[in-house]
Amino acid sequence: MAALSTVDPAAVRAYLLELQDRICAALERVDEGPGFAEQRIEPPGGGLARPRVLEGGAVIEKAAVNFSNTHGARLPPAASERRPELAGWPFEAASLSLIVHPRSPYAPTSHCNLRFFSVDADVPGAWWFGGGFDLTPYYGFSDDAVHWHRSARDACAPFGDALYPRLKKACDDYFYLPHRGEPRGIGGLFFDDLDEGGFERAFGLVRSIGDHYLPAYLPILERRGRQPWGERERDFQLYRRGRYAEFNLIHDRGTRYGLQSGRRIESVLASMPPLAAWRYDWQPEPGSPEAELYERFLTPRDWLDT
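6 is the number that our numbering gives to position 6 of the sequence shown; each next residue is one higher, with no gaps.
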């Protein structure tokens, strides 16, 4: 594990702010709508929160791309559950968290989160990275899934052939609804408590994943975002968005961290879909496109072997 003296929080903050600008500009070009509204908030303990939200676009029904840099007196349990020796110490956190909920049911929801923690404790491993990106389709397309996972593999490639399968499995395991017995989507990459190889290597991986998000998602959004749809597809999209809401409210560590750390509640819940629906004991019609989502796409698989 690297010593705390090798860590450069300023470089992390600068990268995440630049990435926020780049992603927002790209999404605005695709949407051709009202663009992102920005707020600048100074958290009580110091730092900067810069949430940006787009609502009511032609292609994007809602997107949130939020940068946050906070300082706290005590590391919350959700951030220290795997590192109990650091619980209660002062900390700094920097993160970029984004969600895109397209309007068309044929365009998948995408999520990306990159975060950094530095704890003011004189113990090994007092800093780490976490994050990744994942995709949640409502109607499945194999070429979209293959492209998404190829981009994920490419992000990991400079760091060894074994990394992509490892982070893919971690993503499949994490974005899973145990009370439903099903994945949230088709996965991608997920990592947490990452400090292996030292700060420069870990930060290099974070930058590579951040830089591959737009090449992974934009071609899919451009291909599906204006595809015509009807009431049946919209109803199914809202039903599946209910699953997304369930995961975020029940299982997501980021939501729990935000609530425990006293962050602004609007920013914590910005990832929620603008509309969602629930049906009692609903099952898709056999042989339908809705059934295919469950049978082919909501089953962890090696998409690069398709």
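For every residue, glycine included, the Cβ atom is placed at its ideal position computed from N, Cα and C. It should be emphasised that the depicted structure is a prediction, and the values quoted were computed from it without experimental measurement.
Classification of residue i by the beta-carbon crowding that lies within 10 angstroms, buried from 16 upward
i           : result
residue 309 : No answer is possible for residue 309: it lies beyond the span of the chain, which begins at 1 and ends at 306.
residue 169 : exposed
residue 92  : buried
residue 290 : buried
residue 282 : exposed
residue 111 : buried
residue 213 : buried
residue 5   : Bear in mind that a pLDDT of 47 at residue 5, under 50, signals an unreliable position, so the model cannot answer this.
residue 20  : buried
residue 249 : exposed
residue 294 : exposed
residue 288 : exposed
residue 228 : exposed
residue 105 : buried
residue 153 : buried
residue 3   : Model confidence at residue 3 stands at a pLDDT of 41, short of 50, so the residue's coordinates are unreliable; what they give is reported in the following sentence. By the 10 Å Cβ count, residue 3 comes out exposed.
residue 173 : exposed
residue 275 : exposed
residue 181 : exposed
residue 56  : exposed
residue 299 : exposed
residue 34  : exposed
residue 305 : exposed
residue 252 : buried
residue 286 : exposed
Extent of the continuous alpha helix (DSSP H) to which residue i belongs
i           : result
residue 109 : Run containing residue 109: none in the alpha helix (DSSP H); it sits in the beta strand (DSSP E), 109-119.
residue 265 : 265-268
residue 20  : 9-31
residue 239 : 231-250
residue 90  : Neither: residue 90 is in no alpha helix (DSSP H) and is coded neither H nor E.
residue 142 : 142-156
residue 254 : 253-260
residue 292 : 289-292
For residue i, the residue or residues it bridges with in DSSP
i           : result
residue 130 : 115
residue 102 : 60
residue 38  : 52
residue 177 : 182
residue 198 : Partner(s): none; residue 198 has no beta bridge.
residue 47  : 70
residue 97  : 66 and 113
residue 135 : 110 and 187
Limits of the unbroken beta strand (DSSP E) element including residue i
i           : result
residue 64  : 60-72
residue 190 : 187-194
Beta carbon of residue i nearer than 8 Å to that of residue j
i           : j           : result
residue 177 : residue 132 : no
residue 239 : residue 109 : no
residue 38  : residue 52  : yes
residue 224 : residue 107 : yes
residue 120 : residue 90  : yes
residue 218 : residue 25  : no
residue 69  : residue 254 : no
residue 230 : residue 277 : no
residue 45  : residue 72  : yes
residue 145 : residue 303 : yes
residue 60  : residue 49  : no
residue 164 : residue 171 : no
residue 191 : residue 258 : no
residue 207 : residue 15  : yes
residue 83  : residue 8   : no
residue 117 : residue 186 : no
residue 307 : residue 195 : Residue 307 lies beyond the range of the chain shown here (1 to 306); nothing can be said about it.
residue 95  : residue 115 : yes
residue 54  : residue 36  : yes
residue 189 : residue 220 : no
residue 151 : residue 215 : yes
residue 12  : residue 159 : no
residue 247 : residue 175 : yes
Any chain B beta carbon closer than 8 Å to residue i
i           : result
residue 223 : This model lacks chain B altogether; it includes just one protein chain.
Counting Cβ pairs closer than 8 Å, one from the stretch 50-69 and one from the stretch 92-101, do we hit at least three?
yes
Give a yes or no on contact between the stretch 127-143 and the stretch 256-273, applying the rule of three or more CB pairs nearer than 8 Å.
no
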